[in-house]
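Student: Next up is a structure, given as structure tokens.
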Amino acid sequence: MQAINHIGIAVKSLEERLALYRALGLEVSGQEEVASQKVKVAMLPVRGTQIELLEPTAPDSPIAVAIEKRGEGLHHICFEVEDIRATMGQLKAAGFQLLSDEPRPGAHGSQVCFLHPKSGGGVLIELCQPAH
Ligand code: CO
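Residue numbers (my numbering): 2 to 133.
Next up, the structure:
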């Protein structure tokens with residue numbers, strides 16, 4: 002059974018947006034900068050999943066580009082899988098495009114991969130296999 006690991010939300014300022022999520026009763030479980038993606042990330046657990054707030058740290062960050070095009074808001078949904086390579090193989094075999102041929106290192110030792118936006122029908126989908 003798949004789980005939704007997190008829902009990614011693009012924000013201009015973590016500090017500014019955290020006020021809202023804190024007022025909703027959520028708490029930050031971890032905050033880190035992911036240099037390879039040029040983002041600062043705050044994770045906020047909610048029952049069964051997490052909200053991932055993403056603030057760009059450079060104008061050429063993928064999140065800065067997304068905010069430029071569509072404004073702040075929902076950015077991606079991340080499905081947690083047990084075997085990311087197997088899921089990537091299934092998607093490729095079914096004719097869907099991925100953004101990378103190999104999983105990439107994600108937060109906390111996880112491995113991640115994004116589907117090509119053209120394959121998502123307007124939904125950007127991330128896969129993640131957590132570290133065990
Ligand atoms: Co994500």
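We put the beta carbon where it would ideally sit given N, CA and C, even for glycine.
Owing to the predicted nature of the structure, the values given are computational and were not obtained by experimental measurement.
Assess, as a yes-or-no matter, whether the region 62–80 is touched by the region 19–30 under the definition of 3 or more beta carbon pairs within less than 8 Å.
Tutor: At 8 Å Cβ cutoff, the stretches do not touch.
Student: Helix, strand or coil for E33 per DSSP?
Tutor: Counted from its first residue, the sequence shown places residue 33 at position 32. Assignment of E33 by DSSP, reduced to helix, strand and coil, places it in the strand class.
Student: Straight-line CA distance for P46 to E33?
Tutor: Translated into positions along the sequence shown, residue 46 becomes position 45. Translated into positions along the sequence shown, residue 33 becomes position 32. Straight-line Cα distance between these residues: approximately 15 Å.
Student: Nearest to M89 by CA position, among K70, D102, E73 and A59, is which residue?
Tutor: Against the sequence shown, residue 89 aligns to sequence position 88. The shortest Cα separation from M89 among K70, D102, E73 and A59 belongs to D102.
Student: Would you mind listing the beta strand (DSSP E) stretches within the region 64–110 that are 3+ residues and don't spill past its ends, in chain order?
Tutor: 74–81
Student: For a test of your reading of the model: does the CB of E53 fall under 7 Å from any non-hydrogen atom of the ligand CO? Yes or no.
Tutor: Counted from its first residue, the sequence shown places residue 53 at position 52. Remark: the shortest separation between the CB of E53 and any heavy atom of the ligand CO falls under 7 Å.
Student: How would you call I68, buried or exposed, if buried means at least 16 neighbouring beta carbons within 10 angstroms?
Tutor: Here residue 68 refers to the residue found at position 67 of the sequence shown. Of the other Cβ atoms in all chains shown, 16 or more fall within 10 Å of the Cβ of I68; this residue is therefore buried.
Student: Between the C-alpha atoms of M143 and G9, what's the straight-line distance to the nearest angstrom?
Tutor: Nothing about residue 143 can be reported from this structure: the residues present for the chain run from 2 to 133 only.
Student: Leaving out five residues before and five after L27 in sequence, what residues of the same chain have Cβ atoms less than 7 Å from its Cβ?
Tutor: By 1-based counting over the sequence shown, the position of residue 27 is 26. Contacts found: L45, V47 and I52.
Student: Cβ of C114 within 7 Å of any heavy atom in the ligand CO?
Tutor: One-based indexing of the sequence shown puts residue 114 at position 113. No; taking the cut-off as 7 Å, the Cβ of C114 has no heavy atom of the ligand CO nearer than that.
Student: Just to check, is the beta-carbon of E127 closer than 7 Å to a non-hydrogen atom of the ligand CO?
Tutor: Position 126 of the sequence shown, counted from the first residue, corresponds to residue 127. Result yes, Cβ under 7 Å from the ligand CO.
Student: Using CA coordinates, which residue listed in G96, A59, Q98 and I85 is at the minimum distance from G107?
Tutor: Walking along the sequence shown from the start, residue 107 turns up at place 106. Comparing Cα positions, the closest option is I85.
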